[in-house]
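Take a look at the structure below.
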Amino acid sequence: MKFSVFQISRKGGREKNEDRMGYCYTRESGLFLLADGMGGHPEGEVAAQLALQTISALYQKEARPVVKDVTEFLSVALMAAHHQIIRYASEKGMLDTPRTTLVAAIVQGQHATWVHCGDSRLYVVRGGELLTRTRDHSYLEQQNAGVIRMDRINRNILFTCLGSPTKPVFDVTGPVQLQQGDKILLCSDGLWSSLEDDAIVHDLATKPVSEAVPDLVESALRNGGDTSDNVTVIAMEWETPDTFESTRGISTDSISDGVFASTIQAGVLDTLVDDLDDAAIERSIAEINEAIRRSAAKKA
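Counting in the UniProt record's numbering, the sequence shown runs from 1 upward without gaps.
Shown next as structure tokens:
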């Protein structure tokens with residue numbers, strides 16, 4: 001595989017940056033991840049980091065050197081990340097759970113497949129045009145897509161995420177066959193909330209990712225002003241094996257079997273345990289809900 005990649009995360013006008021992103025790869029497969037810890041709940045940055053570490057650890061275990069069933073892997077890995085966040089909250093005795101959005105893409109065999117939960121997005125640009133992008137799990141996006149209709153509700157509110165006591169809603173898309181020069185961008189809502197899709201596509205289409213990504217981030221921060229959200233972006237450009245062009249990026253051809261490269265910070269999840277059964281998760285959720293009920297009863 002050959003691809004160029006660039007990632008950046010900038011703190012906006014928020015107290016702290018709860019976004020996390022990274023990528024990892026073997027000789028024949030690449031995983032790109034981005035999570036946006038949600039404000040209004042405790043330790044969003046922990047939720048985002050747990051999501052990345054969990055999925056990265058599972059990928060390292062599975063990609064030898066490819067993931068056999070990418071769609072199944074992304075679904076299982078997302079739920080494992082959700083379970084890790086729930087378990088973390090339970091072990092800490094937290095009254096509320098850390099929560100995060102997630103978007104993750106796997107590229108292998110000249111195809112890309114991705115999963116998303118929440119409003120962190122993935123864009124695919126080909127030949128100067130938007131090929132596709134994810135649809136946020138917000139009431140506004142679902143209404144615009146004709147899935148639901150409603151009036152008296154804040155339509156920008158997300159109705160799902162990782163870490164909530166309710167089972168997350170997520171979508172898996174692909175596989176999409178990649179062509180020379182295709183660009184895939186993953187971003188937090190700090191980018192797309194300040195920039196129109198046309199502006200994002202234009203920069204991706206006309207510049208290498210090493211220039212487009214920082215330019216887009218700076219534009220989003222400038223448009224957001226003093227109250228700008230944190231802006232996090234990771235983008236890659238694909239190079240097909242049968243071309244002589246070079247993105248001057250990463251070539252995995254010389255990587256040996258069993259070798260795994262990663263920009264994602266390692267943690268205890270590198271020794272990922274296999275006890276993420278549904279019964280244990282249900283017990284953790286029940287404990288959290290019971291703690292919330294006791295707290296509410298005391299206040300009453």
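The beta carbon of each residue, even a glycine, is placed where N, CA and C say it ideally should be.
None of the values given here were measured: they were computed from a predicted structure.
Pairing residue 214 with residue 63, the inter-Cα distance amounts to about 30 angstroms. Between the segment 123-142 and the segment 44-63, the count of C-beta pairs closer than 8 angstroms stays below three; the two stretches do not touch. Take residue 118, set aside five residues on each side of it, and the residues of its chain with a beta-carbon closer than 6 angstroms to its own are 101, 137, 158 and 161, in chain order.
Contact between the segment 176-192 and the segment 66-76 is absent: fewer than 3 CB-CB pairs across the two stretches fall below 8 angstroms. The residue among 95, 52 and 226 with its C-alpha nearest the C-alpha of residue 263 is 52. If you check the CB distance, residue 208 and residue 4 come in under 8 angstroms. The shortest CA-to-CA distance from residue 236 to any of 225, 250, 224 and 220 is the one to 250. Distance from the CA of residue 20 to the CA of residue 36, rounded to the nearest whole angstrom, comes to 6 angstroms. With contacts defined by Cβ atoms closer than 8 angstroms, residue 108 and residue 30 form a contacting pair. For the pair residue 261 and residue 25, the CB atoms are nearer than the 8 angstroms cut-off.
Between the beta-carbon of residue 34 and that of residue 186 there is about 4 angstroms, and that keeps the pair under the 8 angstroms contact cut. Between residue 18 and residue 44, the C-beta spacing is below 8 angstroms.
Counting only runs of at least 3 residues, the segment 89-149 fully encloses the following beta strand (DSSP E) elements, listed from N- to C-terminal order: 100-108, 111-117, 121-126 and 129-133.
Just measuring C-alpha positions, the residue of 229, 47 and 1 sitting nearest residue 164 is 47. Between residue 221 and residue 10 the beta-carbon gap is near 6 angstroms, inside 8 angstroms, which marks them as a contact. The continuous beta strand (DSSP E) containing residue 20 extends over residues 19-25. A straight-line Cα-Cα distance of about 34 angstroms links residue 234 and residue 93.
Judged by beta-carbon spacing, residue 84 lies beyond the 8 angstroms limit of residue 113, meaning their Cβ atoms are not closer than that value. Within the DSSP bridge table, the entry for residue 236 names 5 and 184 as partners.
The three-state reading of DSSP puts residue 170 in coil, since its state is none of H, G, I, E or B.
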